[in-house]
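Numbering (the UniProt record's numbering), first residue to last: 1 to 220.
Where is the CB? At the ideal position from N, CA and C, for every residue including glycine.
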Amino acid sequence: MRAVVHSAYGGADVLELRDLSVPAVGAGEVLVRVRAAGVDRGAWHMMTGLPYLGRLAFGLRGPRNPVLGMDVAGVVVAVGGQVSRFAVGDEVFGVGRGTFAEFATAAEGSLVRKPALLSFAEAAAVPVSGVTALQALHDVGRVREGQQVAILGASGGVGSFAVQLARAAGAQVTAVCSDAKAGYVRSLGAGSVLDYGERDFADCGTAFDLVVDIGGSPSV
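Okay, structure coming up:
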């Protein structure tokens, strides 16, 4: 199979397209023929090895897993002996290992069936960014109807999901992003938009019930 690999940390110039063996399937794993793989901040961290603390997980001196990628959407082509929820031919999406390849493995519990209304490309954009936003708003933030919610970094992968999830919960959303992305975040449901280059959200006069800070604002 073809795969995007890196043998050292660095910028995009460390990436290579190589032919590798199809990964073996463990007892509780699924082998997916990759139809789409998400590119997000996590892939950048794995590629660059930054921040350095991340190398405890990725590999201290070099990448432990040379194939990048976590978000995946595709079709099941093989299942391990302990897998009961999926069968060959199922369309799935979720989090796998080394998904920038034609085939990737994933734990059975890290996948769900892909809804027919989602394309493979749309589904592959959901797992890491979408679940991060969901956990921030619901598991940690306990967002509720009528609350004032500020989303800092609202136009990025996590932020764009956070805006939609907050609105779906009935909250009033203030999105903080660049002026160039104002129209985009309004289309997602933001009621007001602050340009971080012109104004600090902390000085906008709104008492926020919940602040989701994705980019690391000095004001938080």
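Candidates the options, of which the one nearest residue i by Cα
i    : options                   : result
Y196 : D213, G189 and F208       : D213
V25  : V76, A43 and L210         : V76
C177 : V185, A171 and D203       : V185
V140 : G10, D209, T48 and L15    : D209
R85  : T105, L111 and A104       : L111
F103 : V4, D203 and C204         : V4
L152 : A202, V126, A125 and T105 : A202
S160 : D13, V128 and C204        : V128
A43  : V30, R61 and A12          : A12
Close Cβ partners of residue i (< 6 Å) along its chain, the five nearest in sequence each way excluded
i    : result
H45  : G54
T132 : V158
A125 : G38
A182 : V193
V23  : For the sequence presented, residue 23 should be read as Pro rather than Val. Within the same chain, P23 has close Cβ partners T105.
G130 : F161
E16  : V5
Beta-carbon proximity check, residue i vs residue j, cutoff 8 Å
i    : j    : result
G216 : R41  : no
P66  : S7   : yes
A101 : R2   : yes
A136 : A162 : yes
A168 : E145 : no
A150 : T174 : yes
Q164 : L188 : yes
A166 : V143 : yes
Residues near residue i by beta carbon distance below 7 Å, same chain, minus five either side
i           : result
G28         : G80, Q82, V83, A107 and E108
F58         : M46, G49 and R64
residue 242 : There is no way to answer for residue 242, as the model of the chain reaches only from 1 to 220.
R113        : D90, E91 and V92
L56         : none
Cross-strand partners of residue i (DSSP beta bridge)
i    : result
D19  : R2
R97  : T105
S192 : T174
Q148 : Q172
Nonlocal neighbours in the same chain, by C-beta distance under 8 Å from residue i, ignoring five residues either side
i   : result
V88 : V76, V77, A78 and V79
L31 : V22, P23, V25, V76, V77, A78, V79, F103, A104 and T105
> Taking contact to mean at least 3 C-beta pairs separated by less than 8 Å, is the segment 60-71 in contact with the segment 86-97?
Replying inline: yes
>> Does the segment 30-39 come into contact with the segment 116-133, if we say contact requires no fewer than three beta-carbon pairs (one atom in each stretch) closer than 8 Å?
In response: yes
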